[in-house]
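Numbering (our numbering), first residue to last: 641 to 890.
Report on the structure given below.
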């Protein structure tokens, strides 16, 4: 009987100890800094402007056409210590969006703009997407993917570490460079010029029926060309990969 009583006392003591430890742990969590929500919205008149310039340190950027003549910016995310900084300004013919935050934050920028306004994006450590824009797009990311849909303006794309993907393009000129990442692009109309280079990643181009002069060079594989090649064609496609396959087809 004494043995059972001792076990009961010991068990009760352990239970109380666990409860105390648990309460203490939750109390400690309560005093630790938590994630805070961040959001902002702003807009600027783009009448008379020739370019939208976006400088993003580590925010994802999503671009789409607006229904008016203004640039609309919406930012949302979370942070721990330093509040993210997002600004929208206009000077001369350029509307500028700037974002910066420390490594303990996550921010997404949603930007709508007049469809024909030229866009230049410089992004640090996140992705950039665009849909339905008709102006020129000059997008460079250090570490993040580029994903475009239904673009019709000239495209200049550069990713140091991330995939470049283009779908439904009707752009006349296309230039894409990826250091570590593949390039996949599909066109609804034939581009006059297409230049694609990768250092470590494959290249896949889908082109509509037309006449093309195609020059493809892969350091470690044989390019797969599924279109007739005409040296006197009006459309020129130049692709090169140092370490990746090349596939050009309808």
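Beta carbons are placed, not taken as given, at the ideal position from N, Cα and C, and that holds for glycine.
Fill in: Three-state class that DSSP yields for residue 749 in the structure shown
One-based indexing of the chain shown puts residue 749 at position 109. If DSSP states are grouped into helix, strand and coil, residue 749 belongs with the strands.
Discussion item. Let's test the definition: count the other Cβ atoms within 10 Å of the Cβ of residue 837 and tell me whether it reaches 16, buried, or not, exposed.
Written reply: For this step, residue 837 is matched to residue 197 along the chain shown. Classification for residue 837: buried.
Worksheet item: Taking C-alpha atoms, which residue in 748, 708, 811 lies nearest to residue 778?
Response: What you label residue 778 is simply residue 138 of the chain shown in a count that begins at 1. Among 748, 708, 811, the Cα nearest to that of residue 778 belongs to 811.
Fill in: Start-to-end residues for the beta strand (DSSP E) that takes in residue 701
Taking the chain shown and counting its residues from 1, the one referred to as residue 701 is at position 61. 700-705 is the extent of the beta strand (DSSP E) around residue 701.
Item to complete: Assign residue 687 to buried or exposed, taking buried as 16 or more other Cβ atoms, counted over all protein chains shown, within 10 Å of its Cβ.
Response: The sequence position of residue 687 within the chain shown is 47, counting from 1. So residue 687 ends up on the exposed side.
Discussion item. If distances are taken between C-alpha atoms only, which option among 768, 720, 679, 719 comes closest to residue 694?
Written reply: Taking the first residue of the chain shown as 1, we reach residue 694 at position 54. Among 768, 720, 679, 719, the Cα nearest to that of residue 694 is on 768.
Worksheet item: Roughly how many angstroms lie between the CA atoms of residue 775 and residue 755, to the nearest whole one?
Response: The count along the chain shown starts at 1 and reaches residue 775 at position 135. The count along the chain shown starts at 1 and reaches residue 755 at position 115. If I take the Cα positions, the gap works out to 6 Å.
Item to complete: Indicate the three-state DSSP secondary structure (helix, strand or coil) for residue 803 in the structure shown.
Response: Position 163 of the chain shown, counted from the start, is the residue given in the question as residue 803. Here residue 803 sits in coil by DSSP.
Practice prompt. Taking the CB atoms as reference points, tell me whether residue 803 and residue 703 lie closer together than 9 Å.
Written response: Here residue 803 refers to the residue found at position 163 of the chain shown. Here residue 703 refers to the residue found at position 63 of the chain shown. No, they are not a contact pair.
Item to complete: Using alpha carbons as the reference points, say which of 862, 882, 850, 885 lies closest to residue 869.
Response: Mapped onto the chain shown, residue 869 falls at position 229. Cα-wise, what sits closest to residue 869 is 850.
Worksheet entry | At least three beta-carbon pairs within less than 8 Å, the region 790-799 to the region 723-738 | no
Worksheet item: How many Å lie between residue 665 and residue 679 at the Cα?
Response: Taking the first residue of the chain shown as position 1, residue 665 is located at position 25. Taking the first residue of the chain shown as position 1, residue 679 is located at position 39. Note that residue 665 has pLDDT 42, beneath the 50 cutoff, so the model's placement of it is unreliable and the number below is only indicative. Roughly 31 Å separates the two Cα atoms.
Discussion item. Using 9 Å as the threshold, is the C-beta distance between residue 824 and residue 843 below it?
Written reply: As a working note, residue 824 is residue 184 in the chain shown. As a working note, residue 843 is residue 203 in the chain shown. A contact, by the Cβ cut-off of 9 Å.
Worksheet entry | Residue of 878, 841, 877 minimising C-alpha distance to residue 861 | Numbered from its first residue, the chain shown carries residue 861 at position 221. For residue 861, the nearest C-alpha among the options comes from 841.
Worksheet item: Just curious, the beta strand (DSSP E) that residue 695 is in, first and last residue?
Response: For this step, residue 695 is matched to residue 55 along the chain shown. 691-696 is the span of the beta strand (DSSP E), which, as asked, contains residue 695.
Worksheet item: Are the beta-carbon atoms of residue 699 and residue 757 separated by less than 9 Å?
Response: What you label residue 699 is simply residue 59 of the chain shown in a count that begins at 1. What you label residue 757 is simply residue 117 of the chain shown in a count that begins at 1. Not closer than 9 Å, so no.
Worksheet item: Is residue 808 closer than 9 Å to residue 790 when the C-beta atoms are compared?
Response: Against the chain shown, residue 790 aligns to sequence position 150. Against the chain shown, residue 808 aligns to sequence position 168. Residue 790 places its beta carbon less than 9 Å from that of residue 808.
Worksheet item: Beta-carbon separation of residue 800 and residue 818 under 9 Å?
Response: For this step, residue 800 is matched to residue 160 along the chain shown. For this step, residue 818 is matched to residue 178 along the chain shown. Yes, Cβ-Cβ distance for residue 800 and residue 818 is below 9 Å.
Worksheet item: Between residue 839 and residue 875, what straight-line distance do the alpha-carbon atoms span, to the nearest angstrom?
Response: Here residue 839 refers to the residue found at position 199 when the chain shown is read from its first residue. Here residue 875 refers to the residue found at position 235 when the chain shown is read from its first residue. Residue 839 and residue 875: Cα-Cα distance of roughly 24 Å.
Worksheet item: Which of helix, strand or coil does DSSP assign to residue 685?
Response: Position 45 of the chain shown, counting from 1, holds the residue named residue 685. If DSSP states are grouped into helix, strand and coil, residue 685 belongs with the strands.
Worksheet item: Among 674, 725, 867, 871, which has the Cα closest to the Cα of residue 847?
Response: The residue labelled residue 847 in the question sits at position 207 within the chain shown. Among 674, 725, 867, 871, the Cα nearest to that of residue 847 belongs to 867.
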